[in-house]
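> Input: one structure, supplied below.
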Amino acid sequence: MIRNSYPSFRQVLADNPLTKIAGAHSSLGGRIAEQSGFQAVWASSFEISAARCLPDASLLSMTDYLEAAANIQKALSVPVVADCDTGFGNSMNVAYMVTEYESAGITAVSIEDKIFPKMNSFATADHTLLDVSAFAHKIETAKKAQRTDDFFVIARTEAMISGLGVDEAIKRCTAYADAGADAVLVHSKQKTKDQVLEFLGLWDDRLPVVVVPTTYPDWHADDARAAGVSAVIYANQGLRATITSLRSTFQSIYETGHTAHLEDNISGVKDVFDLQQLDEWQQLGA
């Protein structure tokens with residue numbers, strides 16, 4: 023089938039001891055992630071912004087991010103989890119966001135408790151957080167706005183990113199759970215997993231916990247699950263690998279003046295046809 027059916031993210035999370043999620047910014051990247059075995063794809067605002075050579079700083083509109091997430095989802099038979107930053111504004115914006123994403127077939131979104139406009143978590147910048155009650159109201163609004171029971175809202179706290187520590191992260195995630203969040207995402211930019219482990223030790227499995235081990239890449243998925251993690255997002259490794267590969271390939275072509283030395287190490291045109299589902303399209307048009 024050219025348009026595949028797919029389970030909701032809620033169902034995938036229930037069916038897997040640990041849900042592994044790969045970041046993508048295009049349908050092509052999402053399809054390769056699915057073929058590699060990932061159970062869901064993260065429509066990364068960082069990657070979507072980078073694909074347009076723009077910083078991840080709330081420069082693109084909700085429509086830009088929604089179009090990218092919806093196009094990725096159309097190509098997959100696994101669910102997309104959409105990175106929706108701060109919800110694109112206040113609580114009314116969050117309500118509109120949920121309505122539009124759900125209508126587009128997205129079954130899970132993540133919103134974070136920074137002040138809009140936000141800056142990427144790893145950038146040297148101000149990472150001031152929204153008041154706890156104000157963000158909890160955003161979560162309540164998101165849950166009121168959804169139209170199906172399957173729609174899944176992840177509340178992401180940047181407490182550890184902003185330097186407020188684990189206790190503040192626990193306080194905030196508890197409030198977000200009370201507001202109706204379906205899961206929490208805890209983010210750290212430390213070079214070890216220690217902060218996240220401390221959080222997990224205090225959290226007591228109240229809701230599923232999602233982690234993004236970008237700066238502590240040695241944490242094995244099995245160990246994360248044993249510590250109480252329900253889903254792990256490999257949020258930007260695909261983008262970073264693409265940059266390295268493209269730079270090397272293009273420089274090599276420019277310097278040598280031909281591509282013969284590359285052909286054994288790059289995908290063939292047939293591989294591209296397969297990813298495009300060309301045979302299926304030709305059968306439809308026959």
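With our numbering as the guide, the letters of the sequence shown map in order to residues 23 to 308. Heads up, the beta-carbon is just placed ideally off N, CA and C, and yes, glycines get one too.
1. Would you mind giving the Cβ-Cβ distance between residue 60 and residue 44, rounded to the nearest angstrom? I have them listed as a contact below 8 Å.
2. By the 10 Å Cβ neighbour count, where 16 or more other Cβ atoms means buried, how is residue 56 classified, buried or exposed?
3. Looking only at C-alpha atoms, which of 140, 237, 191 sits nearest to residue 79?
4. Can you list the alpha helix (DSSP H) stretches of 4 or more residues lying completely in the stretch 43-107, in chain order?
5. Residue 209 and residue 178: beta carbons closer than 8 Å?
6. Tell me, please, which residues DSSP counts as bridged to residue 179.
7. Taking only three categories from DSSP, how would you classify residue 117?
8. Kindly indicate which residue of 125, 71, 25, 92 has the alpha-carbon position closest to the one of residue 172.
9. Going by DSSP in three states, residue 130 sits in which element: helix, strand or coil?
10. Checking 8 Å against the spacing of the C-beta atoms, do residue 31 and residue 103 come in under that value?
11. Is it right to say residue 277 is buried, meaning 16 or more other beta carbons lie within 10 angstroms of its own, or is it exposed?
12. Starting from residue 203, follow the beta strand (DSSP E) in both directions and report where the run begins and ends.
13. By Cβ distance, which residues of its chain are closer than 8 Å to residue 122, with the 5 residues on each side in sequence left out?
14. Taking DSSP as the reference, what is the three-state secondary structure of residue 308?
15. When the Cα atoms are used, what is the spatial distance from residue 189 to residue 261?
16. Please confirm whether residue 134 and residue 180 have their CB atoms less than 8 Å apart.
17. Below 8 Å on the Cβ atoms is my contact criterion, and I expect residue 222 with residue 249 to pass it. Report the Cβ-Cβ distance as a whole number of Å.
18. Identify whether residue 215 lies in helix, strand or coil by the three-state DSSP scheme.
19. To the nearest whole angstrom, what separates the beta carbons of residue 241 and residue 192, a pair I think is in contact under 8 Å?
20. Tell me whether the beta-carbon of residue 232 lies closer than 8 Å to the beta-carbon of residue 205.
21. Compare the Cα-Cα distances from residue 323 to each of 304, 305, 302, 296 and report the closest residue.
22. Just list the residues that DSSP pairs residue 224 with in beta bridges.
23. Within a Cβ cutoff of 8 Å, which residues of the same chain sit near residue 271, ignoring the five residues on either side of it in sequence?
24. Where residue 86 and residue 76 are concerned, what is the direct C-alpha to C-alpha distance, given to the nearest angstrom?
25. Under a Cβ-count criterion, where at least 16 other Cβ atoms within 10 Å of its own Cβ denotes burial, should residue 107 be classed as buried or exposed?
26. Would you say the beta carbon of residue 216 comes nearer than 7 Å to a heavy atom of the ligand GDP?
27. So, helix, strand or coil for residue 140, using DSSP?
Based on what the coordinates show:
1. The sequence position of residue 60 within the sequence shown is 38, counting from 1. The sequence position of residue 44 within the sequence shown is 22, counting from 1. Between residue 44 and residue 60 the Cβ distance is about 4 Å, and since that is below 8 Å, they are a contact.
2. Numbered from its first residue, the sequence shown carries residue 56 at position 34. Label assigned to residue 56: buried.
3. What you label residue 79 is simply residue 57 of the sequence shown in a count that begins at 1. With distances taken between Cα atoms, residue 79 lies closest to 140.
4. 49-57, 67-72, 84-96
5. By one-based count along the sequence shown, residue 209 stands at place 187. By one-based count along the sequence shown, residue 178 stands at place 156. Yes, the pair counts as a contact, with Cβ atoms nearer than the cut-off.
6. For the purposes of this step, residue 179 is taken as the residue at position 157 of the sequence shown. In DSSP, residue 179 forms a bridge with 208.
7. Working through the sequence shown from its first residue, we reach residue 117 at position 95. Helix at residue 117.
8. The sequence position of residue 172 within the sequence shown is 150, counting from 1. Of the candidates 125, 71, 25, 92, the one whose C-alpha sits nearest the C-alpha of residue 172 is 125.
9. The residue given as residue 130 occupies position 108 in the sequence shown. Strand at residue 130.
10. Indexing the sequence shown from 1 puts residue 31 at position 9. Indexing the sequence shown from 1 puts residue 103 at position 81. Going by C-beta atoms, residue 31 is nearer than 8 Å to residue 103.
11. The residue labelled residue 277 in the question sits at position 255 within the sequence shown. Counting Cβ neighbours within 10 Å, residue 277 comes out exposed, since fewer than 16 surround it.
12. Here residue 203 corresponds to residue number 181 of the sequence shown, with the count starting at 1. Note, residue 203: premise wrong, no beta strand (DSSP E); not H, not E.
13. Along the sequence shown, one-based indexing puts residue 122 at 100. So the list reads 84, 88, once near-sequence residues are dropped.
14. As a first step, residue 308 is located in the sequence shown; it is residue number 286 there, counting from the start. Coil, per DSSP.
15. The count along the sequence shown starts at 1 and reaches residue 189 at position 167. The count along the sequence shown starts at 1 and reaches residue 261 at position 239. Their Cα atoms are separated by approximately 33 Å.
16. Here the question's residue 134 lines up with position 112 in the sequence shown. Here the question's residue 180 lines up with position 158 in the sequence shown. Yes, Cβ-Cβ distance for residue 134 and residue 180 is below 8 Å.
17. Numbered from 1 along the sequence shown, position 200 holds the residue referred to as residue 222. Numbered from 1 along the sequence shown, position 227 holds the residue referred to as residue 249. Sure, about 5 Å apart at Cβ, within 8 Å.
18. Locating residue 215 in the sequence shown gives position 193, where the first residue counts as 1. Coil, per DSSP.
19. Within the sequence shown, residue 241 is the residue found at index 219, counting from 1. Within the sequence shown, residue 192 is the residue found at index 170, counting from 1. With a Cβ gap of about 20 Å, residue 241 and residue 192 do not count as contacting.
20. The residue you call residue 232 lines up with position 210 of the sequence shown. The residue you call residue 205 lines up with position 183 of the sequence shown. Closer than 8 Å, so yes.
21. Limits of the chain in this structure are 23 at one end and 308 at the other, which puts residue 323 out of reach.
22. Here residue 224 refers to the residue found at position 202 when the sequence shown is read from its first residue. Paired residue(s): none; residue 224 is not in a bridge.
23. For the purposes of this step, residue 271 is identified with residue 249 of the sequence shown, where counting begins at 1. Same-chain partners within the cutoff: 284, 288.
24. The count along the sequence shown starts at 1 and reaches residue 86 at position 64. The count along the sequence shown starts at 1 and reaches residue 76 at position 54. Answer to the nearest angstrom: the Cα atoms are 12 Å apart.
25. As a first step, residue 107 must be located in the sequence shown, where it is residue number 85. With 16 or more other Cβ atoms within 10 Å, it is buried.
26. Among the ligands in the structure shown, none appear at all, so the ligand GDP cannot be discussed.
27. Residue 140 sits at position 118 when you count from the first residue of the sequence shown. Three-state result, residue 140: coil.
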